[in-house]
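The block underneath contains the structure these notes are about, expressed in structure tokens.
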Amino acid sequence: MKKYNVILLSAFISLAVCGNVPASAMSMPDKYTEYQELRQTQGESVATYDALLAAYNESERLINSIDSTSSQFHSCKARLLEMFPRLEDAVYFYAGRNNQPMTVKFAKAYVDLSLIYAFAHDNITARENYPLITIFVATKLFNQKAYADALAYYRAYLSTSDTQHRKEAFENLTFSYYSLKNYNDAIFIASQALKLYPTDWTLVAAGLQAAGYAGDDAKLQHFLDIAFRIRPNDESLLLNQARLYQRQRNYKNAVGTYEKLYSTHPNDINVACGLAFNNYNAGVTIVRDARAMKNKKDGERAELEARRYFTAAAPILEDLLEANPYATNIARARAFCYSMLGDGGKLQQANTTLAAMKTATVQKGAVPVLETFFKPTTEVSHVEVAEAEPAFVSDIDIDVPVNNISRPNTYAIVFGNENYDSFSDVDYAANDATSFANYCNKVLGLPKDNIRIRKNATFSQMKEQINYLEKKAKMNPGELDFIIYYAGHGIPDVATNEAYLLPCDASGTDFEFCYQLSKLYAQLDGMNIRRATVFLDACFSGGTGKGDMLFKERYVYVKPKEAETKAKTIVFSAASGEQTAMQYADQHHGYFTYFLLKNLKATKGDITLADLAAKVTKQVSNMALDKNNKMQTPKLNTPSALGDKWKTMTLLK
């Protein structure tokens, strides 16, 4: 990797820096010199990086304790600048050895250095891997529930231009502030993030929760408005909205909201109470306003409106009193309803009940009083945030080479089917797709607009993308190259042995809604294009990469029929015959995708298809046997029409 090729250059720079360090700085205990000597003699080693960490800690303490105008300060700053990329090297040194504690320790030091005030205006964070390392540390702390510590790292990540983990960072930063009871900051972050991700439910829920606890009704209404655009019929939202209206004494709107809930939950006592008392209180408010009106006709119209609310409240209050015979507030509200409706008989019955409760009776025509059936607070559903996975980064996703080429006539469709409705998930399929798309852009030179990535694709979505290629081919006859990549389940039809790609919404029993491989190849061969290259990190035997079966009732693997290509379609497959395509858990990729991209990285894509196939086949076969004690042999299928021409072809042209 390129970062390991700069050690000698860095050593030269560090010597130049030391030449300018004043005697006052050199006279102190110097871990930095010890580190430099070890780097010169041992290169990358545990001892070298132990010395680096000690040197960083020493310099970090020093720079925060001395005058920023002193020569010693500038010498110390120069040392830290030289250490910054070396700390990054240490992160990947330990990550490559699966040493999580040391990876985290150096990742924290790397980010902490960038946050030292002395570097506030130096833009030292403009490094390719800085966002990944920063989000890795933040996520690690978040998962440990060290929310206060995670804040600075999430803010550091969000200060970069990276977008891959931005939504996750906003969600977890909001939740961290909320968990620390810093509700105002949680509200602010959620509000800002929702401008970028207006349908993100985690952000909305966190904002609702924070605004509710902060008692900020305006913000609570703001988040409720957003929430209703996403989930217009969500009952917990309707209940929270109704209670907010009631707390604000906006009884009419509360009635409208409770009516929606009552239509589906007529036997819910809390909903019934809400509807009854808000109808009653709306009527009381209107009556009071009406009796203060100078215009008699206006007052009469208002009194008539109030009757509608009392009429709606009375029968529900009757039911509530039957269920709660000692509730004086219900009995009193019922009596006032009959007083306002002029029903003397029922008013007399209501007063009899009040007298039995030793509570003051209601006189006919008396001005009613507001009643509250519960403390008017706003309750908001708790935020549920799934524990985030640490942002592991495979070595093939670090320092991806960039070729300064542009291939506007090449289009890629990339599928990563990981989460299935009816089958076990395919670990890392989405990650495989993301990485392959990145290589298409950086290594193979495809413009980003030419790359379509679809994760967890349904049958209709897969069909739509292949149809898109057909349309492009018709619009540009004989000019285009296509790349199709698929990571996910494959499935055989045991009746015909035909192989199919499995969409995430498929049942696996109705093959009409699975994508037949032979049909895909026929479609590609029938297009007026120069070449199509297909990569399949999937198997079609009925097994899974986890060693179980797609269908539990099948106890044998099926050898699928070979789907042939005839004209211009070249196919790289992850496995042969009855084999399964397995995952490389240490690298969070499938074996096939990992070694495919590893070879493209090592050669910057300048490798013939023959050499690429040979290397990937050898590496995958060895790794599968060593790690899983199973056979997995990738294979390459080429159309007879190409003869041996394919052997000298590359993916770059």
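Going by my numbering, 76 is the number at position 63 of the sequence shown; the sequence numbering is gapless.
Note that beta-carbon positions come from the ideal geometry of N, C-alpha and C, so glycine has one too.
Quick one: Cα of residue i to Cα of residue j, how far?
i	j	result
Ala60	Val439	40 Å
Ile200	Leu665	49 Å
Leu459	Glu483	18 Å
Ile583	Thr546	5 Å
Ile671	Leu94	It is not possible to answer for residue 671, since the shown part of the chain is limited to 14 through 666.
Leu613	Thr82	49 Å
Thr341	Leu367	7 Å
Asp639	Met488	48 Å
Arg320	Phe349	11 Å
Thr138	Thr176	15 Å
Asn291	Asp281	16 Å
Asp657	Pro211	53 Å
Ile426	Pro490	19 Å
Asn70	Arg110	23 Å
Tyr190	Asn650	54 Å
Leu655	Gln596	32 Å
Asn364	Ala373	8 Å
Leu515	Leu610	23 Å
Asp599	Phe608	13 Å
Asp252	Ala227	At residue 252 the sequence reads Leu, which differs from the Asp that was named. Those two C-alpha atoms are separated by around 19 Å.
Asp356	Gly378	11 Å
Glu402	Phe155	Annotation note: pLDDT 48 at Glu402 (below 50); position unreliable, coordinate value reported separately. The alpha-carbon atoms of Glu402 and Phe155 are separated by roughly 10 Å.
Lys455	Ala594	26 Å
Asp332	His235	35 Å
Glu316	Lys310	10 Å
Val406	Tyr481	32 Å
Ser37	Asp43	Below a pLDDT of 50, predicted positions are generally treated as unreliable, and Ser37, at 39, falls in that range; the measurement from the model is reported next regardless. If I take the Cα positions, the gap works out to 11 Å.
Ser653	Ala512	21 Å
Thr270	Ile202	29 Å
Arg345	Val375	8 Å
Leu126	Gln478	46 Å
Ala219	Ile466	30 Å
From the options, pick the residue whose C-alpha is nearest to that of residue i; which is it?
i	options	result
Lys232	Asp213, Leu549, Tyr196, Tyr167	Tyr196
Ala303	Ala363, Pro381, Leu360	Pro381
Ala637	Phe119, Ser276, Gln592	Gln592
Phe149	Leu171, Leu209, Pro211, Asp135	Leu171
Tyr160	Ala346, Asn136, Thr187, Ile146	Thr187
Phe691	Glu331, His502, Thr212, Thr578	The first residue shown for the chain is 14 and the last is 666, placing residue 691 beyond what the model contains.
Asn642	Leu66, Asn156, Val633	Val633
Ala206	Gly225, His178, Asp229	His178
Ile497	Lys476, Cys517, Pro505	Lys476
Ile409	Tyr452, Ser419, Asp434, Glu57	Tyr452
Ala163	Asn246, Ser192, Tyr143, Arg140	Ser192
Leu100	Val284, Asp80, Ser84, Arg140	Arg140
Gly225	Glu248, Arg244, Arg256	Arg256
Lys628	Leu457, Lys194, Leu333, Ala587	Ala587
Asn416	Gly618, Lys371, Thr215, Phe132	Gly618
Glu248	Asn510, Lys153, His278, Glu313	His278
Excluding sequence positions up to five away, which residues of its chain have a Cβ less than 6 Å from the Cβ of residue i?
i	result
Tyr258	Asn266, Ala267
Glu318	Ile299
Phe323	Gly296, Cys350, Met353, Leu354
Lys359	Tyr351
Lys121	Val150
Gln55	Thr61
Ala223	Tyr191, Tyr196, Ala199, Ile200
Thr147	Val124, Tyr166, Ala169, Tyr170
Give every residue of the same chain whose Cβ lies closer than 7 Å to the Cβ of residue i, excluding the five residues on either side of it in the sequence, and list them in chain order.
i	result
Thr116	Val104, Tyr107, Ala108
Asp445	Gly429, Ala500, Asp550, His602, Gly603, Thr606
Lys660	Thr621, Leu622, Ala623
Trp214	Ile243
Cys517	Asn430, Asn432, Tyr433, Asp434, Asn469, Ala470, Thr471
Leaving out the 5 sequence neighbours to the left and right, which residues in its chain are closer than 8 Å to residue i when beta-carbon positions are compared?
i	result
Ile493	In the sequence as presented, Ile is not what sits at residue 493; that position holds Leu. Once the five neighbours on either side are set aside, the close Cβ partners of Leu493 are Asn422, Thr423, Tyr424, Lys485, Ala486, Ile542, Arg543.
Met370	Tyr339, Thr341, Ala344
Item to check | 4 or more residues per run - each alpha helix (DSSP H) lying fully within the stretch 110 to 142 | outcome: 113 to 127
Checklist entry - On the three-pair Cβ rule with 8 Å, is the stretch 154 to 172 touching the stretch 183 to 190? => result yes
Checklist entry - Are the stretch 522 to 534 and the stretch 471 to 482 touching, with three or more C-beta to C-beta distances below 8 Å? => result yes
Item to check | Minimum length 4: unbroken alpha helix (DSSP H) runs contained in the stretch 596 to 630 | outcome: 604 to 616
Item to check | Contiguous alpha helix (DSSP H) assignments of at least 4 residues, all confined to the stretch 227 to 296 | outcome: 230 to 243, 248 to 260, 264 to 277
Next on the checklist: Is it the case that the stretch 297 to 311 contacts the stretch 328 to 336, given that we only count it when at least three CB pairs across the two stretches are under 8 Å?
Outcome noted: no
Item to check | Every unbroken alpha helix (DSSP H) within the stretch 454 to 507, with a cutoff of 4 residues, ordered by chain | outcome: 472 to 488
Next on the checklist: In chain order, what are the residue ranges of uninterrupted alpha helix (DSSP H) at least 4 long that sit wholly in the stretch 145 to 220?
Outcome noted: 160 to 171, 179 to 192, 196 to 209
Item to check | Inside the stretch 335 to 359 only - alpha helix (DSSP H) runs reaching at least 4 residues | outcome: 341 to 354
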